[in-house]
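Numbering (our numbering), first residue to last: 24 to 115. Beta carbons: idealized from backbone N, C-alpha and C, even for Gly. Source: prediction; values computed, not measured.
Rendered as structure tokens:
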């Protein structure tokens with residue numbers, strides 16, 4: 024799973040929108056446009072531990088978020104994010 028080819032396009036399309044988690048608006052203090060931004064909030068991504076990663080919990084509806092990201096993402100996209108985190112959340 025590639026950050027550049029899979030994860031970043033998904034985050035930019037689903038999360039890093041104007042008014043949400045873009046670099047300009049930083050909803051909830053979180054920006055999700057670039058790899059480095061994923062590490063600004065401790066616990067957002069925990070390499071190798073998708074179930075402990077806040078981003079995965081939000082994507083799967085285990086943590087509240089508005090809008091519900093299950094409506095903005097597919098099961099395949101959520102599985103891809105889980106796989107990327109499981110594989111170490113590398114900047115590749």
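Of the residues the options, the one placed nearest residue i, counting alpha carbons only
i	options	result
residue 60	106, 44 and 100	44
residue 56	108, 38, 28 and 24	38
residue 30	68, 91 and 50	68
residue 33	114, 96, 109 and 106	96
Residue i, buried or exposed, once every other Cβ within 10 Å from all chains shown has been counted against 16
i	result
residue 75	exposed
residue 79	buried
Test item: CB-CB of residue i and residue j under 8 Å
i	j	result
residue 53	residue 35	no
residue 13	residue 111	Absent from the model: residue 13. The displayed extent of the chain is 24 to 115, so no value can be given.
residue 25	residue 115	yes
Delimiting residues of the alpha helix (DSSP H) encompassing residue i
i	result
residue 98	98-109
residue 32	31-37
residue 80	77-82
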